[in-house]
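Visitor: Residue numbers for the sequence shown, in our numbering: 28 to 977. Heads up, the beta-carbon is just placed ideally off N, CA and C, and yes, glycines get one too. Computed from a prediction, not measured in an experiment: that's the story for all the values here. Below is the structure I would like to discuss, written out as C-alpha cells.
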Amino acid sequence: MQARAQQADTTAPAAAPAPGTTTPDTTRPSAYPATPDTSSAVTPSLLLSPPSPVLPAGAAAAADTTGPAAPSPFSLDNPKAYTIAGITLTGAKYLDESLVVAASGLTIGQKITLPGDALGDAIRKLWDQKLFSDVAFLVDKIDGDKIYLDLHVAERPRLANFYFRGASKSQADELKEKSGLIAGRVVTGSTRRDAIYKIRKYFTEKGYRDVDINVTERPNTTQLNSVDLVFDIRRGSKIKVNDINFAGNGNMDPYRLKKKMKGTHEMTRFTLHPIPATSVYGRPAPLSFSEYLKQGGFLSFSSTKRLLDPYVRLKLFSSSKFNEKKYEEDRDKVISYYNSKGYRDVTLDKDTLYTVENGNLNVDIKLTEGRKYYFGNITWKGNTVYPDSVLNQVIGIHRGDIYNLELMQKRLGTVPSQEGGDVSSLYLDYGYLFFRITPVETAIRGDTIDYEMRIIEGPQADIKRVTITGNDKTNEHVVRRELRTVPGEKFSRQEIIRSTREISQLGFFNPEKVQPQPQPNAEDGTVDIGWTVEEKPSDQLQLSAGWGGYYGITGTVGITFNNFSLRNIFTKNAWRPLPSGDGQKLSLQIQSNGKYYSSYNFSFTEPWLGGKKRNPFTVSFFKTRMANATSYTGYGIPLFDNSSYMKTMGISVALGKQLHWPDDFFSLQYQINYQRFKLKDFSDAYLGLPGLTDGIVNNLNLRITLDRNSTDQPQFPRSGSHISLFGQFTPPYSAFNPDKDYAHMTAQENFKFIEYQKYRLTAEWYVPVGKPQGKDNRTFVLKAAIKMGFLGKYNNKVPLSPFERFDVGGDGMSNMTYYYGKDIISQRGYEEYYTSDPRVNPTSAGSPPPGYQGFTIFNKYTLELRYPVSLNPSSTIYALTFFEAGNGYEGFKEYNPFRLRRAAGIGMRFFLPMFGLLGFDYGVGFDRLQQGAGLKDATKFNFMLGFEPD
28 MQARAQQADT TAPAAAPAPG TTTPDTTRPS AYPATPDTSS AVTPSLLLSP PSPVLPAGAA
88 AAADTTGPAA PSPFSLDNPK AYTIAGITLT GAKYLDESLV VAASGLTIGQ KITLPGDALG
148 DAIRKLWDQK LFSDVAFLVD KIDGDKIYLD LHVAERPRLA NFYFRGASKS QADELKEKSG
208 LIAGRVVTGS TRRDAIYKIR KYFTEKGYRD VDINVTERPN TTQLNSVDLV FDIRRGSKIK
268 VNDINFAGNG NMDPYRLKKK MKGTHEMTRF TLHPIPATSV YGRPAPLSFS EYLKQGGFLS
328 FSSTKRLLDP YVRLKLFSSS KFNEKKYEED RDKVISYYNS KGYRDVTLDK DTLYTVENGN
388 LNVDIKLTEG RKYYFGNITW KGNTVYPDSV LNQVIGIHRG DIYNLELMQK RLGTVPSQEG
448 GDVSSLYLDY GYLFFRITPV ETAIRGDTID YEMRIIEGPQ ADIKRVTITG NDKTNEHVVR
508 RELRTVPGEK FSRQEIIRST REISQLGFFN PEKVQPQPQP NAEDGTVDIG WTVEEKPSDQ
568 LQLSAGWGGY YGITGTVGIT FNNFSLRNIF TKNAWRPLPS GDGQKLSLQI QSNGKYYSSY
628 NFSFTEPWLG GKKRNPFTVS FFKTRMANAT SYTGYGIPLF DNSSYMKTMG ISVALGKQLH
688 WPDDFFSLQY QINYQRFKLK DFSDAYLGLP GLTDGIVNNL NLRITLDRNS TDQPQFPRSG
748 SHISLFGQFT PPYSAFNPDK DYAHMTAQEN FKFIEYQKYR LTAEWYVPVG KPQGKDNRTF
808 VLKAAIKMGF LGKYNNKVPL SPFERFDVGG DGMSNMTYYY GKDIISQRGY EEYYTSDPRV
868 NPTSAGSPPP GYQGFTIFNK YTLELRYPVS LNPSSTIYAL TFFEAGNGYE GFKEYNPFRL
928 RRAAGIGMRF FLPMFGLLGF DYGVGFDRLQ QGAGLKDATK FNFMLGFEPD
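Pasting the structure below:
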C-alpha cells in the first residue's frame, strides 16, 4: 500500500508566463495529473496502489508467482484497523526527524483504519508546512494488527540570496521590496512566477512594456539546502506616448480633454518634418495657417497650440511614459469632464493602443458625446428646519445652468468634504446626524432635467459617550480637554473637524492618524464618538552649531520635554526617563563658545493653568556672558579673560487666555520681562554707542500679544493662517523726570533704565495647491508670510536705546553669537548687512562698522512653495523653493517699503523626533550680483539646527 502526495517544482530556468496563464508541470510522472504549483493552497493527491501482497524484505524473489494472486490486506470492501507500531523518516536531509513526524499528527500507538482518511490527513498537514515537494507514506511491515510506516519526503530548498541583472542599483533596491522575495523562505515554482509577475509589473509602470525576464536557480555553497535566484532582466526601450487622438468629440476641444488626463501625457517634440497624424478612427484634420488666420487663432491659446503641435510640443514638467493603470484612471477623468459640461450620456466606445514608426505609442479614443443637458426646476420636499430659499442659496444651482451631477452632489454634500458649505453640512453642524437627502429626477423635457430633493431630517442627535484610544503616553484628560465633542451636547460636524485640529496641534500625535469614529444610535437618537490617536515622539534633543567668524564655533545643547508632568515629579514610577503625559513643556539649553560666549536658558509652560480653561502660563530664566577680546595672538586669534565682558540676566512670566471674539482661534497673552545688562570695560563696537562701556542697564517691559492661529497642524501646515501682533512697552521714565537734560548726560546715565516702545507683526498663510494625491494626501502648499518690526521712543529728547533693535541678514544662527538684546532677523541669500542700501552688501560675515547700532524698522516678505517628501511622524521631510525680499532701516526718514533686498532659492526641512528641525537653504541674492562676477559670489548656503530662524 502506498499513500502519496506530490507537488511539482521545476528547478531549471523557466521563461516567465504571460499574465493570466499557468505553466504546466513538466516534472510530475505521467500517472499524476498536471496541476499548477501554488504555495498558498495545495490539495495533495492520495494514491492507493492496486491490491498486492505486502511481503517482507527479500521475500519477493522466492515467492511463487505461478499460482493465484494472494488477497491484498488493504481492501476497500474490507477496511481494517491497525495500531501504528513505528514511524521512520526517509528523504529528510536537513530537517529534524522528530519535528517532521510530529507535524504529520501521527503518533506511535495511534489506531488508524486502512483504507481510511488518517494518512491523507497526515499528508495534508505536512503539505501545509510548505517545506516539501513530495510526501509519501509506505508500509514497511505488518505484524498482526501492528503496522510500521515509512514516511518519505523530498525537501524544498530555501532562498539564500536573489539578484537582479539588468536593473540599475536604485531599481534593484526597490525590487528587493516589491518582488516579495524574502531570504530564508522555501523556494517553489510559485515563488518564481510571483516574483517575475511583480518585476514585470514594476517595469511596466515605469514605461517598459516589452520586459523579458528569465530566472536561474543555482545552489548556494555557503548554506545547507539553499539556492540563489538570479533574475536576468531585459527591459527593452521605454515606451512613451507619441500622440493622443480623440474621435467623436465634436463639441469638446481635444486639448482640454488631454489636459484632464493627468497621468498620460504626450512626449515633447521639436521637428521641422512632422510625422503625419494617424488614427484608427479617422485621420485628425490638421489646422492650416490660412484657417488659423481666418478664425483669429492668434487670439486663442488652444488654436495656437494646435497649429504648432506637429512641430513644437513642450512637456518640460510631465512624464510621457505610458502607465496602464494611470491611463485607466484618465479615461474615467475624460468621461467625468464631459459629465461636468452637461454631457451625461457620453460613452467611451473604443480605445486602441498601437506602436508607430518612432517606436512609441499612439492612443486613439472614440467617443459618443450624446446630448448636452441643463438643470430645470429644483424643488425641496421634507424640509422643516430650513426654508426653500435658504437651501436654494446653499446649493447655488439655477434653472438653465449646465447639468453637472458632480457639482450637484458636492453642493448637496452626498460626497463629504472638510470645507463644508453644502446642504448636508448645514444640517450636520446643528446636530441632525440622521439627516438624509436623495435627489430624484422628476422629469426630462428635451434637454432639461427637473429634480426633487427629498429630505429626511430626523431628530437632533445628542452625544452619549466619548472614548479615546491610542494615547499610551499622554494622559486622557490632556486629550479630552481639547475636544469640542462633549457628552450631553448636540452633535456637530464642525466641532468634530475643530476637535481633530486641536488634537493635531498638541504635537503629541500623528496628525494623519487622528480619526473620529461617530457611531449613531438610531434607537435613542444619540451618538457615541470614539477618538483614535497614535502617539509619536515629541521630546527633542537640540544639537546645533553656528560659525561666528574668527570667534569660531558656537555650540548649543538643549533638551525639550514637550509632554512633561510636573505633578508626578515625586512619583518614583513616573520617571521613564522623566514624568510625562500632562502636556506641560520643560526646556533646558546651554550655549557656549568657550571663554568668549556662554548662555543658560530654562523655561516651563503649563498650557492649562488651573486645568479648566486654556490659560497658558510660562516662566523662563536665562543668563548669558559675552567677553571682549583683550589681546590677540600672532595669527590674529583673539584671547579672552574676565577683565572685559557683558553679562545678561533675564526672567519673564507670561499668562495667556483664549478669546471667543472675533472667534476662538484668537488668544491674548500678557508677559512681564526683566533684563539686566552688566558691562565691564566692554567695547562699544558691539553696541555702536560711544561711552557705554561700563555700568548696569535695566530693561523692564510689558509685552501684550494678540495671536490668531488656525493652521491645521504645527510641523507641516497645509491650510489656515497664523497671525501674531505684539506691543512691548517699558515704563515712560522720562515722564517722571521732565526736567532731565538728556543731551548732557553720559551714556551710562541715559541707559540705566532704558525706555522704548516696540511692535512686531508676523503673518503667515498656508494654501494647498492642487488636489491631494496618494494615501497620505500629499499636495503642494503655498506659504505667504509678512514680518515687520518697529522700535520707537516716547520722548524725542531721550536717545533711543541700542538694545532691542533689529539685526537683519545672515542665517539667524551665526549672528546669534552677538546676543546682546537684539532681534535676529534672517534673510536667505545675504550675509548680515548694516545699511538699507541694497547695493551695499558684505561678502562675508564680520563685525559691524563703527557707529552701527542696529535697525529700528524692518520688513520681510516670503513666498514658499512646499512639497512633502515624507509625512511619517518619525521623519517629516519636505522640499521647498522660495522667493524672499526684505530690508532694515535706521528710521522713518530712510524707510521705503519697496526698497528691498531680493533673493530666491531652494531648501529642505527634516523634522526628527529627538533632534527637532534640521534644514538647509541655498539662496541667490539678486542684489549681490555684480557685473563681471559669477553667480557663486551672490549665493549663500544656510544650515539650521534645532529651530527655524526668524
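1. Between which two residues does the beta strand (DSSP E) containing Asp948 stretch?
2. Are the CB atoms of Arg520 and Ser444 nearer to each other than 8 Å?
3. Return yes when the Cβ of Asp477 is within less than 8 Å of the Cβ of Asn431, no when it is not.
4. Is the region 278-293 in contact with the region 232-246, if contact means three or more CB pairs nearer than 8 Å?
5. For Gly263 and Glu355, what's the separation of their Cα atoms in angstroms?
6. Kindly provide the ranges of any alpha helix (DSSP H) runs that are 4 or more residues long and lie completely inside the region 98-140, ordered along the chain.
7. Given this structure, state the Cα-to-Cα distance separating Asp727 from Lys639, to the nearest angstrom.
8. Thr117 and His179: beta carbons closer than 8 Å?
9. Given a cut-off of 8 Å on the beta-carbon distance, is the pair Arg511 and Arg525 in contact?
10. Using DSSP bridges, identify the partner residues of Arg185.
11. For Pro56, does the count of other Cβ atoms within 10 angstroms reach 16, so buried, or fall short, so exposed?
12. Buried or exposed for Val724, going by 16 or more other Cβ atoms inside 10 Å?
13. With three or more C-beta pairs closer than 8 Å as the rule, is the region 211-229 touching the region 330-341?
14. So if DSSP puts Pro876 in a beta bridge, which residue, or which two residues, is it bridged to?
15. Can you grab the Cα-Cα spacing for the pair Arg787 / Thr862, in whole Å?
16. From Asp834 to Pro976, what does the alpha carbon distance come to, in whole angstroms?
17. Count the CB pairs spanning the region 744-756 and the region 774-790 that are closer than 8 Å, and state whether there are at least three.
18. Tell me which same chain residues have a C-beta within less than 8 Å of the C-beta of Tyr109, skipping the five on either side of it?
19. Find out if the Cβ-Cβ distance for the pair Phe597, Leu613 is shorter than 8 Å.
20. Mind pulling the alpha helix (DSSP H) runs of 4 or more residues that sit fully within the region 454-508?
21. Taking the CB atoms as reference points, tell me whether Asn655 and Ser619 lie closer together than 8 Å.
22. So is Trp602 buried or exposed if we call it buried at 16+ other beta carbons inside 10 Å?
23. What do you get for Arg310, buried or exposed, if any count of 16 or more other CB atoms within 10 angstroms of its CB means buried?
24. Name the two residues that bound the continuous beta strand (DSSP E) containing Trp558.
25. Can you give me the C-alpha to C-alpha distance between Arg936 and Arg463, rounded to a whole angstrom?
26. Over what stretch of residues does the beta strand (DSSP E) that includes Val442 continue unbroken?
27. What is the DSSP secondary structure of Phe597, counted as helix, strand or coil?
28. Which same chain residues, not among the five before or five after Ala84, have their C-beta less than 6 Å away from its C-beta?
29. In or out: Ala960 buried (at least 16 other Cβ within 10 Å) or exposed?
30. Judging by CA-CA distance, which residue of Asp668, Met676 and Pro643 is the nearest neighbour of Ser694?
31. Distance check for Gly934 and Leu388, CA to CA, integer angstroms please.
32. Using a 10 Å radius around the Cβ and a threshold of 16 neighbouring Cβ atoms, would you call Asn600 buried or exposed?
33. Considering only residues of the region 738-808, which uninterrupted beta strand (DSSP E) runs meet the minimum length of 3 residues and lie entirely inside it, listed in chain order?
34. Check the DSSP bridge columns for Leu613 and list the partner residues they point to.
35. Taking Glu293 as the reference, give the member of Ser327, Asn252, Ser345 and Pro301 with the closest Cα.
36. Compare the Cα-Cα distances from Leu375 to each of Tyr224, Gly552, Thr720 and Tyr365 and report the closest residue.
Guide: In short:
1. Gly943 to Gly952 is the span of the beta strand (DSSP E), which, as asked, contains Asp948.
2. No; because the gap between Cβ atoms is not below 8 Å, this pair is not in contact.
3. Contact: no.
4. With a cut-off of 8 Å on Cβ pairs, the region 278-293 is not in contact with the region 232-246, counting fewer than three such pairs.
5. Straight-line measurement puts the Cα of Glu355 at about 23 Å from the Cα of Gly263.
6. 124-131, all fully within the region 98-140.
7. Note that residue 727 is Leu in the sequence shown here, rather than Asp. The alpha-carbon atoms of Leu727 and Lys639 are separated by roughly 31 Å.
8. Yes, they are a contact pair.
9. When the beta-carbon positions are compared, Arg511 and Arg525 come within less than 8 Å of each other.
10. Its beta-bridge partners are Val213 and Ser253.
11. Caution applies to Pro56, whose pLDDT of 33 falls short of 50 and renders its modelled position unreliable; the model cannot decide the point.
12. Looking at its Cβ environment, which holds 16 or more other Cβ atoms inside 10 Å, Val724 is buried.
13. Contact between the region 330-341 and the region 211-229 is absent, with fewer than three C-beta pairs closer than 8 Å.
14. DSSP, once it has assigned bridges, lists no residue as partnering Pro876.
15. Roughly 20 Å between the two C-alpha positions.
16. Near 12 Å, if we compare the C-alpha coordinates of Pro976 and Asp834.
17. Verdict: yes, contact present.
18. Closer than 8 Å at the Cβ level, and outside the excluded window around Tyr109, lie Lys138, Ile139, Thr140, Leu141, Ile169, Asp172, Lys173 and Ile174.
19. Inclusion of Phe597 and Leu613 in the CB contact set at 8 Å is not warranted, their separation being larger than that value.
20. When DSSP assignments are scanned along the region 454-508, the uninterrupted stretches of alpha helix (DSSP H) that are 4 or more residues long and fall wholly within it turn out to be 503-507.
21. Cβ distance not < 8 Å, so Asn655 and Ser619 don't count as in contact.
22. Classification for Trp602: exposed.
23. It is exposed - the Cβ of Arg310 has fewer than 16 other Cβ atoms within 10 Å.
24. Its beta strand (DSSP E) spans residues Thr553 to Thr559.
25. Near 45 Å, if we compare the C-alpha coordinates of Arg463 and Arg936.
26. Judged by DSSP secondary structure, Val442 falls outside any beta strand (DSSP E); it is assigned neither H nor E.
27. Three-state DSSP puts Phe597 in coil, outside helix and strand.
28. Reliability fails at Ala84, whose pLDDT of 35 lies under 50, so the model's placement of it is uncertain and the value that follows must be treated cautiously. So no residue of the chain qualifies.
29. By the neighbour-count definition (other C-beta atoms within 10 Å, threshold 16), Ala960 is an exposed residue.
30. That would be Pro643, whose Cα lies nearest to the Cα of Ser694.
31. Rounded to the nearest angstrom, the two C-alpha atoms are 37 Å apart.
32. Answer is exposed; the Cβ neighbour count stays below 16.
33. Under the rule that a run must span 3 or more residues, the beta strand (DSSP E) segments found entirely inside the region 738-808 read 747-756 and 784-800.
34. Beta-bridge pairing links Leu613 to Phe588 and Phe631.
35. Residue Ser345 is the option with its Cα nearest to Glu293.
36. Checking every option, the nearest Cα to that of Leu375 belongs to Tyr365.
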